[in-house]
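First the structure, in the form of structure tokens, and then the observations on it.
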Amino acid sequence: KKIEQAKAGSISGSIKTWSRDSMVFPEMVGMSFQVHQGKEFVTVKVIEEMVGHRLGEFAPTRKFRKHGGRMQRELEAGQVAAQEQAPAPKEGAR
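The numbers in the sequence shown follow the numbering used here, run straight up by one, and end at 96.
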């Protein structure tokens with residue numbers, strides 16, 4: 003119903019939805035939706051490749067920070083040490 007209203011022009015902007023399991027239909031191509039991700043809404047612009055998928059697939063619910071641990075700290079320390087040992091280029095030499 004809201005898709006039909008948006009096509010007619012009575013709804014401006016994006017359509018706000020909590021229904022992450024809604025199927026993306028060809029009529030939705032070119033529209034923008036605000037999909038709820040648990041805490042806030044994520045704007046999803048529908049393109050042709052999204053047809054047949056669900057709206058929730060394009061609004062991730064988890065936020066990836068980074069992998070951590072001892073191995074990651076060693077890699078970062080090695081990169082910093084390599085940058086410190088690299089000689090700085092001379093400005094006057096051409």
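We put the CB at the ideal spot given by N, CA and C, even for glycine.
Bear in mind that the values here come from a model prediction, so they are computed numbers and not experimental data.
With 16 other Cβ atoms within 10 Å as the buried cut-off, status of residue i
i     : result
Leu77 : exposed
Val46 : buried
Val1  : Nothing can be reported for residue 1, as the shown portion of the chain is limited to 3 through 96.
Val82 : exposed
Ala8  : buried
Ala79 : exposed
Ala2  : In the structure as shown, the chain starts at 3 and stops at 96, and residue 2 therefore has no counterpart that could be examined.
Ala61 : buried
Bounding residues of the beta strand (DSSP E) (the contiguous stretch that carries residue i)
i     : result
Val44 : 43-47
Val37 : 34-38
Lys18 : 17-19
Own chain residues within Cβ distance below 6 Å of residue i, not counting five before or after
i     : result
Glu50 : Val31
Pro28 : Val53
Lys18 : Gln36
His38 : Trp20
Gln74 : none
Which of helix, strand or coil DSSP assigns to residue i
i     : result
Arg56 : strand
Lys9  : helix
Close Cβ partners of residue i (< 7 Å) along its chain, the five nearest in sequence each way excluded
i     : result
Asp23 : Arg56, Gly58
Limits of the alpha helix (DSSP H) - the one that residue i falls within
i     : result
Glu78 : 72-87
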